[in-house]
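Just so you know, we're using our numbering here: the sequence shown kicks off at 335 and counts up by one.
Okay, so here's the structure we're looking at.
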Amino acid sequence: MRITAMLAMVAVADASAWAGSIPGARTPAPEGSVVVCMKLAADAQQLVVAERTASKMFAEIGVVLQWPRQASCEKGAIVVTLSYNTSPTDHPDAWAYALPYEGSQIVVFWDRVQQKMPAGRAPLLLAHVLAHEIAHILEGTIRHSESGVMKAKWDSEDLFQMGKKPLGFAETDVWLIRLAMEKRSSAVVAAR
335 MRITAMLAMV AVADASAWAG SIPGARTPAP EGSVVVCMKL AADAQQLVVA
385 ERTASKMFAE IGVVLQWPRQ ASCEKGAIVV TLSYNTSPTD HPDAWAYALP
435 YEGSQIVVFW DRVQQKMPAG RAPLLLAHVL AHEIAHILEG TIRHSESGVM
485 KAKWDSEDLF QMGKKPLGFA ETDVWLIRLA MEKRSSAVVA AR
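Structure, rendered in structure tokens:
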């Protein structure tokens, strides 16, 4: 496990160095990475903390998330829309939803996440919500796991554990995400 974590950290560092090598340039994401676009608002600090935590969660399984800060998203990016005034009738009791069969759209009910947790812990819950929904998009399915970040509903114990250490991905989810990453890489190579 330590070797895997070290390799993931190297991959994140390499991707960060690669992404920052050409300031302002629009370049394709490196293989093994996923571009996720989320517009930052007045609460940018909390959102960036959530992005970093979600990135660490994926890095543990060898997937690099990139969060560009440009006005428009590149083709093939996952697009996260934050809802700040969610209607009670819009997906009641949900913190977010993804459109995995469409392949790129996620809506996060950020107002509900903020209501569930104190301000200091809301980014941790948001990170898990983002990781969960990004995994749905990557896996291309609405399936859930018995445990971990892809569990259908997190209970109070899961929420407590998030404060200690981020929830992990079940083996099946890791396999499905890696399979999807191979397909994404093949599609990128074919497009070139």
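Here a beta-carbon is modelled for each residue, glycine too, at the ideal position from N, C-alpha and C.
Can you look up residue i in the DSSP assignment and give me helix, strand or coil?
| i | result |
| --- | --- |
| SER490 | helix |
| ILE468 | helix |
| MET451 | coil |
| ILE511 | helix |
| ALA363 | Only weak support exists for where ALA363 lies, its pLDDT of 48 falling under 50; the value from the coordinates is given anyway. Here ALA363 sits in coil by DSSP. |
Leaving out the 5 sequence neighbours to the left and right, which residues in its chain are closer than 7 angstroms to residue i when beta-carbon positions are compared?
| i | result |
| --- | --- |
| THR423 | none |
Cutting at 6 angstroms between CB atoms, please list the residues of its own chain near residue i, excluding the five before and the five after it.
| i | result |
| --- | --- |
| GLY502 | GLY482 |
| LEU458 | MET496 |
Counting C-beta neighbours from all protein chains within 10 Å, is the total for residue i 16 or more, i.e. buried, or is it exposed?
| i | result |
| --- | --- |
| PRO434 | buried |
| SER490 | exposed |
| GLN380 | buried |
| GLY513 | Before going on, a small fix: residue 513 reads as Leu here, not Gly. Looking at its Cβ environment, which holds fewer than 16 other Cβ atoms inside 10 Å, LEU513 is exposed. |
Which value, in whole angstroms, describes the spacing of the CA atoms of residue i and residue j?
| i | j | result |
| --- | --- | --- |
| GLN439 | ALA393 | 21 angstroms |
| GLY366 | SER519 | 7 angstroms |
| HIS478 | ASP445 | 24 angstroms |
| ALA461 | GLN400 | 14 angstroms |
| VAL398 | ALA375 | 23 angstroms |
| ILE471 | ALA388 | 14 angstroms |
Give me the Cβ distance between residue i and residue j, rounded to the nearest whole Å; I'm assuming they're in contact under 8 angstroms.
| i | j | result |
| --- | --- | --- |
| GLY410 | VAL370 | Wrong, their Cβ atoms sit about 11 angstroms apart, outside the cutoff. |
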